[in-house]
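**Q** Mind having a look at this structure? Questions to follow.
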Amino acid sequence: MADTLLSVKDLVVEFPHRRGNLRALDQISFNIDRGEILGVVGESGAGKSLTGAAIIGLLEPPGHVAGGSIELDGRRIDNISAAEMRKIRGRKIGMVFQDPLTSLNPILTIADQLIETIQVHLKMSDKEARKQAIKLLDDVGIPAASKRIDDYPHQFSGGMRQRVVIALALAGEPELIVADEPTTALDVSVQAQIIDVLKNTCKEHGAAVMLVTHDMGVIAETCDRVAVMYAGRLAEIGPVREVIKHPKHPYTIGLMGSIPSLAHQVDRLVQIPGSMPRLDNIPTGCAFNPRCNKVFDRCRTERPDLIAVEGNLAACWLHAEEATA
Amino acid sequence: MLAFIIRRLIQSIAVMLTVALISFTLFQFVGDPINNMLGQEASRDDRAELRQRLGLNDPVPIQFVRFVGNAVRGDFGISYRMARPVSTVIMERLPATLELAFVSGLFALTLGIVLGVYTALKRDGWLSNFIMTASLVGVSLPTFVIGILLIYLFAVELQWLPSFGRGELVQITDNWRTGLLTESGRKSLILPAITLGLFQLTLIMRLVRAEMLEVLRTDYIKFARARGLSQRAIHFHHALKNTLLPVITITGLQLGSIIAFAIITETVFQWPGVGLLFITAINFVDIPMMSAYLILIAFIFVIINLIVDLLYFLVDPRLRAEKSGGH
Chain A
1 MADTLLSVKD LVVEFPHRRG NLRALDQISF NIDRGEILGV VGESGAGKSL TGAAIIGLLE
61 PPGHVAGGSI ELDGRRIDNI SAAEMRKIRG RKIGMVFQDP LTSLNPILTI ADQLIETIQV
121 HLKMSDKEAR KQAIKLLDDV GIPAASKRID DYPHQFSGGM RQRVVIALAL AGEPELIVAD
181 EPTTALDVSV QAQIIDVLKN TCKEHGAAVM LVTHDMGVIA ETCDRVAVMY AGRLAEIGPV
241 REVIKHPKHP YTIGLMGSIP SLAHQVDRLV QIPGSMPRLD NIPTGCAFNP RCNKVFDRCR
301 TERPDLIAVE GNLAACWLHA EEATA
Chain B
1001 MLAFIIRRLI QSIAVMLTVA LISFTLFQFV GDPINNMLGQ EASRDDRAEL RQRLGLNDPV
1061 PIQFVRFVGN AVRGDFGISY RMARPVSTVI MERLPATLEL AFVSGLFALT LGIVLGVYTA
1121 LKRDGWLSNF IMTASLVGVS LPTFVIGILL IYLFAVELQW LPSFGRGELV QITDNWRTGL
1181 LTESGRKSLI LPAITLGLFQ LTLIMRLVRA EMLEVLRTDY IKFARARGLS QRAIHFHHAL
1241 KNTLLPVITI TGLQLGSIIA FAIITETVFQ WPGVGLLFIT AINFVDIPMM SAYLILIAFI
1301 FVIINLIVDL LYFLVDPRLR AEKSGGH
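Top line first, the protein sequences correspond to chains A and B.
Going by our numbering, the residue at position 191 of the first sequence is 191; the numbering climbs one at a time, nothing skipped.
Going by our numbering, the residue at position 203 of the second sequence is 1203; the numbering climbs one at a time, nothing skipped.
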């Protein structure tokens, strides 16, 4: 594919532990195309945020990439030096964090933080950078941007701060934004606005987005494709309509069934029995097998790879049976 | 802002009045000053006359009001021992203490911040570990032991630096004679300044280190990293400023205690400052001198506190008046 921006292959992230290594991410593979929005969903601890951190090279030690590769624009970025990675951060890959209240430095003005970031990445004079900063704030919908730019973070509301954070993430004109649950810490009433801002400004600036969230509603409205993660592995990935309307992996089916809907009257939401295994206790074979209602022998012994089923890729032996049978 | 300053001023005045009351009661409870001043042989008439002259026969509240009134004008009475005005004696001695406190405060602050930042950034380096271990000495050894050890090493054994006094002095104004302008004066300052500043140094260093580590863990530092800012900009522009906020308060208060605790260092090094003056005053029950010293130290503390509060105001934008609230 000519327009592949990010390519993650068999990514493994491990944390050293008393009894051997904990595998927090286990052979994750996916691509993000230019300008595309990929949603990443899963339960807490499934490895969504960790995937984002690994891509931008900000894993908290002692966590480290223990296998696989991450390529940006056809160039490997998982094994380059810290100095080279710093040139990529902000310039090629931007990041939006979860909590806008703590993401901004409280004692520097918005102008300080924006202009500094712009000048790190783009050759601009102070004046040009300030103009660019005001334009960015304008783009993310800060009213009276040229006045508010000299305010401090505490003078903005939570939603406004997250807009500033998005402007900061876009300051170096990156090609990819990793947004790690950008609306989780916000008021429900502004969540939709922020998602719109994120989607539209990234489109205007030509940036692809990896949107980590556990809000399926956001995924459905925003994303082009969606990846479902479970216990550090990829369960299913595919176009958003396909995954939502015709999920292939039993875990995805359960996940979709657990979302309340206004259109269909349901007495009781579907619940997946049990809970996600701890990282030091992942079952052999398919990680989902103890909770799966369609489990059979092969699931308990052999780990399924991603198998193509009707436009989706699903890591489930059910579909291998179908394919071979 | 103005309301804030006025409020702080009123509080400061209340503190000063309380301290004045305490030092005033010294006169009432610590022996009979007439005995100290005139000795055993004085006649009854002499005593009565002096008592009258010093106003010791007036009711206590009136004496207090007079005491405060005089103190405000800088008049703390006559030293029992030296028979000279207390304020003159103190003004002669104060420059020595201020010079010592200033130099050791500067020493503690700069080295404390530098070492604190270093040990925070190179958390696992052997040098950091060494500094942290060595700093325990500064925290746990009492000042006079450190002073004596330094004298033994640098004055007695190595004979590099003088062990007592201020060295050669240069007259600047009537009351202010400085040792900073002569080589022997500067040499004499080194050991007492280190002795006095070592505890504050380790305190500031440990505080800066802890604060810095805390700040480096915050989201806005992570976000700064994710924006590709250089290590330098992150550490010294984003982190250090936030680190220094609480450090300002502690340092300000420490400067006050440097001046107050100079007593011990001045005694060890026979440094002719107000601390030494105070110790001698205690030995001779020179009550005007003691009470004046008490008030002076309280005054310095109050002033420093006021300055620290104002500084905090200037440094932390969150405390400044809101220009426009978010919507």
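Don't be surprised by glycine CBs; every beta carbon is placed ideally from N, CA and C.
1) What number of angstroms, rounded off, separates the C-alpha of A:Ala53 from the C-alpha of B:Glu1157?
2) Quick check: what's the CA-CA separation for A:Asp267 versus A:His246?
3) Quick check on the burial criterion: 16 or more other C-beta atoms within 10 angstroms. Buried or exposed for A:Lys127?
4) Taking three-plus beta-carbon pairs below 8 Å as touching, is the region 78 to 97 of chain A in contact with the region 1221 to 1231 of chain B?
5) Along the alpha helix (DSSP H) that carries A:Met276, what are the first and last residues, could you check?
6) At a Cβ threshold of 9 Å, is B:Lys1222 touching chain A?
7) Give me the Cα-Cα distance between B:Leu1213 and B:Val1086, rounded to the nearest whole angstrom.
8) Count the C-beta pairs between the region 1165 to 1184 of chain B and the region 1088 to 1097 of chain B that are closer than 8 Å, then say yes if the count reaches three, no if not.
9) With DSSP collapsed to three states, give me the class of B:Ile1078.
10) Output the boundary residues of the alpha helix (DSSP H) element that contains B:Val1072.
11) Using 8 Å for Cβ pairs, my map puts B:Leu1026 next to B:Ser1291. What's the rounded Cβ distance?
12) Got a sec: is the Cβ-Cβ distance from A:Met1 to anything in chain B below 9 Å?
13) Cβ of B:Ala1239 within 8 Å of any heavy atom in the ligand PLP?
14) Using the C-alpha atoms, what's the distance from B:Leu1245 back to A:Ala145?
15) Which bits of chain A does B:Asn1242 rub up against, with CB to CB less than 8 Å?
16) Might you give, ordered along the chain, the residues of its own chain that have their beta carbon closer than 6 Å to the beta carbon of B:Met1289, omitting 5 neighbours on each side?
17) By the three-class DSSP mapping on this structure, what secondary structure does B:Ile1172 have?
18) So which residues of chain B does A:Arg86 contact, with C-beta pairs closer than 9 Å?
19) Is B:Phe1107 closer than 9 Å to B:Met1265 when the C-beta atoms are compared?
20) Could you check how far apart the C-beta atoms of A:Thr362 and B:Tyr1220 are, in whole angstroms? I think they sit under 8 Å.
21) Can you pull the chain A neighbours of B:Leu1162, defined as C-beta to C-beta under 7 Å?
22) What are the boundary residues of the alpha helix (DSSP H) that includes B:Ser1087?
23) Need the endpoints of the beta strand (DSSP E) that A:Phe15 sits in, please.
24) Is the Cβ of A:Ala24 closer than 9 Å to any Cβ of chain B?
25) Which runs of the beta strand (DSSP E) at least 3 residues long sit entirely within the region 43 to 72 of chain A? Give them in chain order.
26) Within its chain, find whatever has a CB closer than 7 Å to the CB of B:Ala1071; leave out the 5 residues flanking it on each side and keep chain order.
27) For B:Thr1218, which residues in chain A fall below 8 Å Cβ to Cβ?
28) Return the CA-CA distance between B:Asp1046 and B:Asn1035, expressed in angstroms with no decimal places.
29) On the CB-based measure, 16 or more other CB atoms within 10 Å of its CB, does B:Ser1188 come out buried or exposed?
30) How big is the Cα-Cα spacing for A:Ala227 and B:Ser1128?
31) Quick one: Cα of B:Leu1100 to Cα of A:Pro61, how far?
32) With a threshold of 9 Å between beta carbons, is B:Pro1246 in contact with chain A?
33) Does the Cβ of A:Ile116 have 16 or more other Cβ atoms within 10 Å, making it buried, or fewer, making it exposed?
34) For A:Ile56 and chain B, any beta-carbon pair shorter than 9 Å?
35) Could you check how far apart the C-beta atoms of A:Leu72 and A:Leu6 are, in whole angstroms? I think they sit under 8 Å.
**A** Let me lay it out:
1) Going from the Cα of A:Ala53 to the Cα of B:Glu1157 covers about 58 Å.
2) Computed Cα separation, rounded: 22 Å.
3) A:Lys127 should be labelled exposed.
4) yes
5) Taken as a continuous stretch (DSSP letters only), A:Met276 belongs to no alpha helix (DSSP H), as it is neither H nor E.
6) yes
7) Roughly 48 Å between the two C-alpha positions.
8) When Cβ pairs closer than 8 Å are counted between the two stretches, the region 1165 to 1184 of chain B is seen to touch the region 1088 to 1097 of chain B, the count reaching three or more.
9) strand
10) 1060 to 1072
11) 5 Å
12) Interpretation of A:Met1 is limited by its pLDDT of 45, a score under 50 that renders its predicted location unreliable; the figure taken from the coordinates is listed afterwards. False, the Cβ-Cβ gap to chain B never drops below 9 Å.
13) With respect to small molecules bound, the structure shown includes none, and the ligand PLP cannot be examined in it.
14) When rounded, the distance between both Cα atoms is 29 Å.
15) Asn105, Pro106, Ile107
16) Excluding sequence neighbours, B:Met1289 sits near Ser1079, Val1086, Ala1281.
17) coil
18) Arg1225, Gly1228, Leu1229, Ser1230, Gln1231
19) In the sequence as presented, Met is not what sits at residue 1265 of chain B; that position holds Thr. No, they are not a contact pair.
20) This structure gives no information on residue 362 of chain A, because the portion of chain A shown stretches from 1 to 325.
21) Note that residue 1162 of chain B is Pro in the sequence shown, not Leu. Chain A residues near B:Pro1162: none, gap ~45 Å exceeds 7 Å.
22) That run of the alpha helix (DSSP H) goes 1086 to 1121.
23) 4 to 17
24) No, A:Ala24 does not count as interfacial toward chain B.
25) 64 to 72
26) Ala1020, Ile1295
27) Thr102
28) 11 Å
29) buried
30) 45 Å
31) Whole-angstrom Cα-Cα distance: 46 Å.
32) no
33) Sequence check: residue 116 of chain A is Glu here, not Ile. Buried, by the Cβ-count rule.
34) yes
35) 6 Å
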